[in-house]
Amino acid sequence: GYGSFLLTITFFLFYGIAVLCHQRNFVPLIIFGIPLFYFLLIIGPIGAARFRNPIMPNIALLAALGCYSLKQKFQEFKKE
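Residue numbers for the sequence shown follow this note's numbering, beginning at 18 and rising by one.
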């Protein structure tokens, strides 16, 4: 259910953060990552949904970046 959704989003979130760190593209990481880590410090990894609501757009954007990066990587792998 909802737990598997959160695990999937979290996987893509951390992959997106890793991609930004690897590319040394720190401006989007600062814009989207700082509020995320701030709220995680306040509520911990298991927080009520009302505390996750303000940061869900940041989580969704970083997860989308991770998903897009994996898609690009698999397309390059298919071409070889």
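Built from N, CA and C at the ideal position, the CB exists for glycine as well.
Which word fits G33, buried or exposed, when buried means at least 16 other C-beta atoms lie within 10 angstroms of its C-beta? buried
Name the two residues that bound the continuous alpha helix (DSSP H) containing Q92. Per DSSP, Q92 is one residue of the alpha helix (DSSP H) stretching across M73 to K96.
Taking Cβ to Cβ, would you say L30 is nearer than 9 Å to L37? Contact: no.
Determine the direct distance from the alpha carbon of Q92 to that of L23, and round the result to whole angstroms. 26 Å
Other residues of its chain near C84: CB distance less than 6 Å, five sequence neighbours each side excluded: F29
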